[in-house]
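Down below is the structure, laid out as structure tokens.
Number of protein chains: 2
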Amino acid sequence: MIIAVDGMGGDFAPVEAIAGCIDALKENNDLNFIITGPEEIINKELGKYNYDKSKISVVDAKEVISLNESPVMAIRKKKDSSLVKALNLVKEKKADAIISAGSTGAFMAGSLFIVGRIKGIDRPALAPIMPGRNAPFMVIDVGANAECKPKNLLQFALMGKIYFEKILNINNPSIGLVNIGVEEEKGNELTKSTYPLLKESGMNFVGNVEPRDIPTGKVNILVCDGFVGNTVLKMYEGTASNLFEIIKTEIMGSLSGKIGGLFLKSVFKNIKKKFNYKEYGGAAFLGVEGICVKAHGASDKIAFKNAIRQCVNFRNNNIIEDIKEELIKINDIQ
Amino acid sequence: MIIAVDGMGGDFAPVEAIAGCIDALKENNDLNFIITGPEEIINKELGKYNYDKSKISVVDAKEVISLNESPVMAIRKKKDSSLVKALNLVKEKKADAIISAGSTGAFMAGSLFIVGRIKGIDRPALAPIMPGRNAPFMVIDVGANAECKPKNLLQFALMGKIYFEKILNINNPSIGLVNIGVEEEKGNELTKSTYPLLKESGMNFVGNVEPRDIPTGKVNILVCDGFVGNTVLKMYEGTASNLFEIIKTEIMGSLSGKIGGLFLKSVFKNIKKKFNYKEYGGAAFLGVEGICVKAHGASDKIAFKNAIRQCVNFRNNNIIEDIKEELIKINDIQ
Numbered sequence: 058m059i060i061a062v063d064g065m066g067g068d069f070a071p072v073e074a075i076a077g078c079i080d081a082l083k084e085n086n087d088l089n090f091i092i093t094g095p096e097e098i099i100n101k102e103l104g105k106y107n108y109d110k111s112k113i114s115v116v117d118a119k120e121v122i123s124l125n126e127s128p129v130m131a132i133r134k135k136k137d138s139s140l141v142k143a144l145n146l147v148k149e150k151k152a153d154a155i156i157s158a159g160s161t162g163a164f165m166a167g168s169l170f171i172v173g174r175i176k177g178i179d180r181p182a183l184a185p186i187m188p189g190r191n192a193p194f195m196v197i198d199v200g201a202n203a204e205c206k207p208k209n210l211l212q213f214a215l216m217g218k219i220y221f222e223k224i225l226n227i228n229n230p231s232i233g234l235v236n237i238g239v240e241e242e243k244g245n246e247l248t249k250s251t252y253p254l255l256k257e258s259g260m261n262f263v264g265n266v267e268p269r270d271i272p273t274g275k276v277n278i279l280v281c282d283g284f285v286g287n288t289v290l291k292m293y294e295g296t297a298s299n300l301f302e303i304i305k306t307e308i309m310g311s312l313s314g315k316i317g318g319l320f321l322k323s324v325f326k327n328i329k330k331k332f333n334y335k336e337y338g339g340a341a342f343l344g345v346e347g348i349c350v351k352a353h354g355a356s357d358k359i360a361f362k363n364a365i366r367q368c369v370n371f372r373n374n375n376i377i378e379d380i381k382e383e384l385i386k387i388n389d390i391q
Numbered sequence: 058m059i060i061a062v063d064g065m066g067g068d069f070a071p072v073e074a075i076a077g078c079i080d081a082l083k084e085n086n087d088l089n090f091i092i093t094g095p096e097e098i099i100n101k102e103l104g105k106y107n108y109d110k111s112k113i114s115v116v117d118a119k120e121v122i123s124l125n126e127s128p129v130m131a132i133r134k135k136k137d138s139s140l141v142k143a144l145n146l147v148k149e150k151k152a153d154a155i156i157s158a159g160s161t162g163a164f165m166a167g168s169l170f171i172v173g174r175i176k177g178i179d180r181p182a183l184a185p186i187m188p189g190r191n192a193p194f195m196v197i198d199v200g201a202n203a204e205c206k207p208k209n210l211l212q213f214a215l216m217g218k219i220y221f222e223k224i225l226n227i228n229n230p231s232i233g234l235v236n237i238g239v240e241e242e243k244g245n246e247l248t249k250s251t252y253p254l255l256k257e258s259g260m261n262f263v264g265n266v267e268p269r270d271i272p273t274g275k276v277n278i279l280v281c282d283g284f285v286g287n288t289v290l291k292m293y294e295g296t297a298s299n300l301f302e303i304i305k306t307e308i309m310g311s312l313s314g315k316i317g318g319l320f321l322k323s324v325f326k327n328i329k330k331k332f333n334y335k336e337y338g339g340a341a342f343l344g345v346e347g348i349c350v351k352a353h354g355a356s357d358k359i360a361f362k363n364a365i366r367q368c369v370n371f372r373n374n375n376i377i378e379d380i381k382e383e384l385i386k387i388n389d390i391q
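First to last, the sequence lines map onto chains A and B. According to the working numbering, the first sequence is numbered sequentially starting from 58. According to the working numbering, the second sequence is numbered sequentially starting from 58.
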């Protein structure tokens, strides 16, 4: 399998991306990487390692897309960027997958415009797996589509289901519709029109899920438009990190706090581990004609290695083919 | 001041509502209460206390609106419910304010239909104050309006500003638009159209705020449609309570955890206090022709007492008159 890696994407580019590739090679000899980015920078970093030179090649890309650029404009104008070059490798079938830890907006726009949609999928969606109290859960979409139609959400549910079954090995995962009340008639026009579609879909639809219940992980897949999903994702991150900051401040504010804090070091370490986004790789961009994985901007080599493993699973399980086949089943509902 | 209290609303009705009124009377002799509910139940509970009988009267209401009922239907059909009777007292100017800890949906529907809108306010909004890391913040709307127009959000901002200035004594509070990115052009149709209105409004608009930054409390007032606001509120509650559950489980899972937990008892107590919703009273339903306060369903007597104090502040500061006056200033923007 050949994976294109955006060498200049992410807070620690290209160091951690390259370290992740090197580590992945040690575990899986079937892998090949094409790293995009300014040749001298990438080669200099690769020069630090001993590795089978036939396994990693470099494609020169002089430009870098920053986080502050308009995603669509950046994709259009920066043809010589590490991201666009990596995406082109997938489009031209020179690579089987792409991983980028750079701008999420540019990654999504590029995946859509360059790699292209699966026929029948109207709106691809970004679908991270997040750690929950009882089990990990997926939120789909978390930002690709700020406005959605009911049909889009039905397709999100289908893609999420296939991903969950194939990558997380959970059969017939539960699917919930993110809503402001549990009753069928609650919500806005979108949720009210989506509910009956999901009910008819033949999938394991468990009804509306109020955001307060999402962090428990009781429901596997949470379906919503990208605005709401992004709110869910960012409130989850923001609330957790704020709470940890408050706990830290309070602990450091008194002697008994400091002593207690010492005893609880391993406890907090466990919790941090539990909430580690790295474990699940990146967020899959589902619905495009290629394996497109968005790694977290702060990804280290372990996160990259897990994103690489995710790409391997994605391919070995023929997820794209499955999506195409299962789309037919929901065609008459749409 | 006369406050109508829905005696049968909330998880601990009528016990805590009545206890709150009794306690409030001890501190403020200018208060009068009318408690609605089944006469014998309310009187029996009142019989437990020694208080000035001229200060509390009871209005008989045989019905109770439950949490599972359709709000609009319940308001229409249950004319003899404790909520509808209390709202009617405000409508008929027999009471200056109403507090209910019952069904939020029924409370909002009833306030809207019975008490009525302020002329010029298209959509009243529910606006709780929440504890943040650095300061409390308001989210408006958290559920009254699942679909909104830009003009509604502009009015939310105005009402939030007046409330914040008058009740929390923060002059020229900062106003943010909840959005999935900080750039002006980000978001959905609603946020894109609302941004320029807020920019022109003359209020202290600080731009888009990503949900991840909401819990810091850096921005005073967060404006959004009721679907997004409800998601923010419920993700905040859900994430925090889940995290505390996880911490508790981890602490109890090892000896060092248990020891550390003992040392941190006061730390966690402080944090719990910091996150105490009771402190800010209830959520004001802003934009109606009366003081309508929704207390938390789990309100105890302290929460009720704070909601009562909130009603007093609301009235003493002429918030409804202020809203009417300031509406004129934003008229040409709308």
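C-beta: ideal position from N, C-alpha, C; glycine also. Only a predicted model underlies this, so the values are computations on that prediction, with no experimental measurement involved.
For a contact defined as C-beta to C-beta under 8 Å, what are the partners of residue 164/A on chain B? Here residue 164/A refers to the residue found at position 107 of the first sequence. Residues of chain B passing the Cβ test: none, with the nearest at roughly 14 Å.
Assuming residue 345/A contacts residue 168/A (C-beta within less than 8 Å), just tell me the rounded distance between them. For the purposes of this step, residue 345/A is identified with residue 288 of the first sequence, where counting begins at 1. For the purposes of this step, residue 168/A is identified with residue 111 of the first sequence, where counting begins at 1. Taking C-beta atoms under 8 Å as the contact rule, residue 345/A and residue 168/A qualify, at a distance of about 5 Å.
Could you please give me the residues that DSSP links to residue 351/B through a beta bridge? Counted from its first residue, the second sequence places residue 351/B at position 294. BP columns for residue 351/B point to 157/B, 340/B.
In whole angstroms, what separates the C-alpha of residue 91/A from that of residue 154/A? Here residue 91/A refers to the residue found at position 34 when the first sequence is read from its first residue. Here residue 154/A refers to the residue found at position 97 when the first sequence is read from its first residue. Near 10 Å, if we compare the C-alpha coordinates of residue 154/A and residue 91/A.
For residue 264/B, the first and last residue of its enclosing beta strand (DSSP E): Translated into the one-based positions of the second sequence, residue 264/B becomes position 207. For residue 264/B, the enclosing beta strand (DSSP E) starts and ends at 262-266.
Note down, in chain order, each residue of its chain lying with its Cβ closer than 7 Å to the Cβ of residue 262/A, except the 5 sequence neighbours on either side. As a first step, residue 262/A is located in the first sequence; it is residue number 205 there, counting from the start. Beyond the five residues adjoining it in sequence on each side, residue 262/A comes within less than 7 Å, by CB distance, of 232, 255, 256 in the same chain, given in chain order.
Cβ of residue 182/B within 8 Å of any chain A Cβ: Position 125 of the second sequence holds residue 182/B. At a cut-off of 8 Å between C-beta atoms, residue 182/B does not count as an interface residue with respect to chain A.
Any beta carbon from chain B within less than 8 Å of residue 331/A's own beta carbon? Counted from its first residue, the first sequence places residue 331/A at position 274. By this cut-off, residue 331/A is an interface position.
Using CA coordinates, which residue listed in 253/A, 306/A, 187/A, 294/A is at the minimum distance from residue 208/A? Walking along the first sequence from the start, residue 208/A turns up at place 151. Checking every option, the nearest Cα to that of residue 208/A belongs to 253/A.
Cα-Cα separation between residue 330/B and residue 181/A, rounded to whole angstroms: The residue labelled residue 330/B in the question sits at position 273 within the second sequence. The residue labelled residue 181/A in the question sits at position 124 within the first sequence. Spanning the two alpha carbons is a distance of roughly 44 Å.
CB contact flag (residue 235/B, residue 280/B, <8 Å): Here residue 235/B is taken as the residue at index 178 of the second sequence, counted from 1. Here residue 280/B is taken as the residue at index 223 of the second sequence, counted from 1. Contact: yes.
Min CB distance residue 115/A to chain B below 8 Å: What you label residue 115/A is simply residue 58 of the first sequence in a count that begins at 1. At least 8 Å separates the CB of residue 115/A from every CB of chain B.
Do residue 74/A and residue 67/A have their CB atoms nearer than 8 Å? Your numbering for residue 74/A matches position 17 in the first sequence. Your numbering for residue 67/A matches position 10 in the first sequence. A contact, by the Cβ cut-off of 8 Å.
For residue 336/A, decide whether its Cβ has a neighbour in chain B, counting only Cβ atoms nearer than 8 Å. As a working mapping, residue 336/A is identified with position 279 in the first sequence. No, residue 336/A lies away from the interface with chain B (no Cβ there is under 8 Å from its Cβ).
Simplified DSSP assignment, three categories, for residue 356/A: Position 299 of the first sequence, counting from 1, holds the residue named residue 356/A. Note: residue 356/A maps to coil in three-state DSSP.
With H, G and I counted as helix, E and B as strand and the rest as coil, what does DSSP make of residue 174/A? Your numbering for residue 174/A matches position 117 in the first sequence. Note: residue 174/A maps to strand in three-state DSSP.
Consult DSSP for residue 225/B and reduce its assignment to one of helix, strand or coil. Along the second sequence, one-based indexing puts residue 225/B at 168. If DSSP states are grouped into helix, strand and coil, residue 225/B belongs with coil.
For residue 145/A, which beta-bridge partners are listed by DSSP? For the purposes of this step, residue 145/A is taken as residue 88 along the first sequence, with counting starting at 1. Per DSSP, none; premise fails for residue 145/A.
Backbone CA spacing between residue 260/B and residue 220/B [nearest angstrom]: By 1-based counting over the second sequence, the position of residue 260/B is 203. By 1-based counting over the second sequence, the position of residue 220/B is 163. Each residue's Cα considered, the two are about 13 Å apart.
Is the Cβ-Cβ distance between residue 380/B and residue 175/B less than 8 Å? As a first step, residue 380/B must be located in the second sequence, where it is residue number 323. As a first step, residue 175/B must be located in the second sequence, where it is residue number 118. It is a contact, given that the beta carbons lie within the stated cut-off.
For residue 198/B versus residue 211/B, is the C-beta spacing smaller than 8 Å? Here residue 198/B refers to the residue found at position 141 of the second sequence. Here residue 211/B refers to the residue found at position 154 of the second sequence. No. Outside cutoff.
Under a three-way DSSP split, which group does residue 250/A fall into? The residue given as residue 250/A occupies position 193 in the first sequence. Residue state, collapsed to three classes: helix.
In angstroms with no decimal places, state the Cα-to-Cα distance between residue 213/A and residue 282/A. Residue 213/A sits at position 156 when you count from the first residue of the first sequence. Residue 282/A sits at position 225 when you count from the first residue of the first sequence. Whole-angstrom Cα-Cα distance: 9 Å.
The beta strand (DSSP E) with residue 114/B in it runs from where to where? Counting from one through the second sequence, the residue named residue 114/B turns up at place 57. Start and end: 113-117.
List the endpoints of the continuous alpha helix (DSSP H) containing residue 89/B. Counting from 1 along the second sequence, the entry for residue 89/B is found at position 32. For residue 89/B, there is no enclosing alpha helix (DSSP H); the enclosing beta strand (DSSP E) has its first and last residue at 89-94.
Which residues share a DSSP beta bridge with residue 61/A? To locate residue 61/A, count along the first sequence from 1; it is residue 4. Within the DSSP secondary-structure output, residue 61/A pairs in a beta bridge with 91/A, 155/A.
Within 10 angstroms of its Cβ, does residue 102/A collect 16 or more other Cβ (buried), or is it exposed? The residue labelled residue 102/A in the question sits at position 45 within the first sequence. Under the 10 Å beta carbon count, residue 102/A is surrounded by 16 or more other beta carbons and is classified as buried.
In the structure shown, what three-state DSSP assignment does residue 76/B receive? Walking along the second sequence from the start, residue 76/B turns up at place 19. Judged by DSSP in its simplified three-state form, residue 76/B adopts helix.
Whose Cβ in chain A lies nearer than 7 Å to the Cβ of residue 273/B? In the second sequence, residue 273/B corresponds to position 216, counting from 1. At a beta-carbon threshold of 7 Å, the residues of chain A lying near residue 273/B are 299, ordered along the chain.
So what does residue 184/A bridge to, in DSSP terms? Reading the first sequence from its first residue, position 127 is the one you call residue 184/A. As DSSP reads the structure, residue 184/A sits in a beta bridge with 341/A.
Are residue 272/B and residue 189/B close, meaning C-beta to C-beta below 8 Å? Working through the second sequence from its first residue, we reach residue 272/B at position 215. Working through the second sequence from its first residue, we reach residue 189/B at position 132. In this structure, residue 189/B lies closer than 8 Å to residue 272/B by Cβ.
Residue 233/A lies in the beta strand (DSSP E); which residues open and close that run? The residue labelled residue 233/A in the question sits at position 176 within the first sequence. Looking at the DSSP string, the run of the beta strand (DSSP E) that includes residue 233/A is 232-235.
Say whether chain A places a C-beta atom closer than 8 Å to the C-beta of residue 133/B. Counted from its first residue, the second sequence places residue 133/B at position 76. No, its Cβ sits nowhere closer than 8 Å to a Cβ of chain A.
State yes or no: is the C-beta of residue 292/B nearer than 7 Å to some heavy atom of the ligand MN? The ligand MN is absent from the structure shown, which contains no ligands of any kind.
DSSP bridge partner residues for residue 196/B (one or two, in chain order): Here residue 196/B is taken as the residue at index 139 of the second sequence, counted from 1. BP columns for residue 196/B point to 279/B.
Given this structure, state the Cα-to-Cα distance separating residue 201/B from residue 244/A, to the nearest angstrom. The residue given as residue 201/B occupies position 144 in the second sequence. The residue given as residue 244/A occupies position 187 in the first sequence. Distance between the alpha carbons of residue 201/B and residue 244/A is about 10 Å.
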